[in-house]
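Visitor: I'd like to ask you about the structure that follows.
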Amino acid sequence: MKSLPALQRAVLVIALLALSGFLAGCASTPKVDWTARMGEYTYDQAVTELGPPTKQTKLADGKTVAEWVTRSPASAGFGAGMGYGGSVGMGMGTSYGSYRESVLRLTFGTDGILENWYRN
0 MKSLPALQRA VLVIALLALS GFLAGCASTP KVDWTARMGE YTYDQAVTEL GPPTKQTKLA
60 DGKTVAEWVT RSPASAGFGA GMGYGGSVGM GMGTSYGSYR ESVLRLTFGT DGILENWYRN
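Written out as C-alpha cells, the structure reads:
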C-alpha cells in the first residue's frame with residue numbers, strides 16, 4: 000500500500016480534527032429529572048439555572064406558569080472522504096429556515112415551589 004502524499008495527509012488530518020471538534024460540540028447535556036424536583040425546586044432556582052422564562056403568567060389561583068422555549072436547527076451534518084485518485088474532500092451543512100422548538104413548561108404553586116412540569 001502506498002503512503003499518501005504530504006498534502007493529502009495534511010487535508011486528511013484537518014478533516015479528522017474538524018470532525019472530532021464537531022462531534023465534541025454535539026455532546027448532549029444530561030437530562031434533568033423534573034419529576035424528582037417537584038415539591039422542592041423553586042421558581043428562583045429555575046430562573047438562576049435556565050435564565051428568565053420566554054413566557055410567564057399568573058393564574059387566578061395564584062400559581063405561576065412559566066415556559067422556556069429553545070430553538071435549534073432541524074439538522075446538521077459533516078462529511079469527509081477520499082477518492083481512488085488521491086482526491087480528498089470534506090464538507091459541513093446545516094439546514095436553514097427549519098428548526099426544532101423545545102418547550103419546557105413549569106408550574107409553581109403560590110409558595111414558588113414546582114408542582115408540575117411539561118416538555119414536548
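Take the sequence shown: its position 114, counting from 1, is numbered 113 in numbering that gives the first Met the number 0, and each next residue is one higher. The C-beta atom is built at its ideal place from N, Cα and C for all residues, glycine as well.
Could you check where the alpha helix (DSSP H) with Tyr98 kicks off and where it finishes?
Guide: No alpha helix (DSSP H) contains Tyr98, which is instead part of the beta strand (DSSP E) from 98-107.
Visitor: Excluding the 5 residues flanking Tyr40 on each side, which residues of the same chain have their C-beta closer than 6 angstroms to its C-beta?
Guide: The answer, listed in chain order, is Leu113.
Visitor: With distances taken Cα to Cα, identify the nearest neighbour of Thr63 among Thr69, Arg70, Gln55.
Guide: Among Thr69, Arg70, Gln55, the Cα nearest to that of Thr63 is on Gln55.
Visitor: Taking its Cβ as the centre, do 16 or more other Cβ atoms sit within 10 Å of Met0, making it buried, or is it exposed?
Guide: Reliability fails at Met0, whose pLDDT of 47 lies under 50, so the model's placement of it is uncertain and no value is given.
Visitor: Please state whether DSSP places Thr41 in a helix, a strand or coil.
Guide: Thr41: strand per DSSP, three-state reduction.
Visitor: So, are the CB atoms of Lys66 and Pro52 less than 8 angstroms apart?
Guide: It should be noted that the sequence gives Glu, not Lys, for residue 66. Their beta carbons are under 8 angstroms apart, which means Glu66 touches Pro52 by this criterion.
Visitor: Exposed or buried, what is Ala35 when buried is set at 16 or more other beta-carbons lying within 10 Å of its beta-carbon?
Guide: Ala35 is exposed by the Cβ-count criterion.
Visitor: State the Cα-Cα distance for the pair Leu103 and Asn115, rounded to the nearest angstrom.
Guide: Cα-Cα distance, rounded: 11 angstroms.
Visitor: So what's Leu113 in DSSP terms, helix, strand or just coil?
Guide: Leu113 falls in the strand class under three-state DSSP.
Visitor: Give the DSSP-derived three-state secondary structure of Val68 in the structure shown.
Guide: Residue state, collapsed to three classes: strand.
Visitor: Report, in whole angstroms, the separation of the C-beta atoms of Gly111 and Asp32, which I expect to be a contact under 8 angstroms.
Guide: That belief does not hold up - the Cβ atoms of Gly111 and Asp32 are roughly 20 angstroms apart, past 8 angstroms.
Visitor: Can you give me the C-alpha to C-alpha distance between Ser101 and Pro4, rounded to a whole angstrom?
Guide: Spanning the two alpha carbons is a distance of roughly 47 angstroms.
Visitor: Is Ala45 buried or exposed, if buried means 16 or more other CB atoms sit within 10 Å of its CB?
Guide: Flag for Ala45 reads buried.
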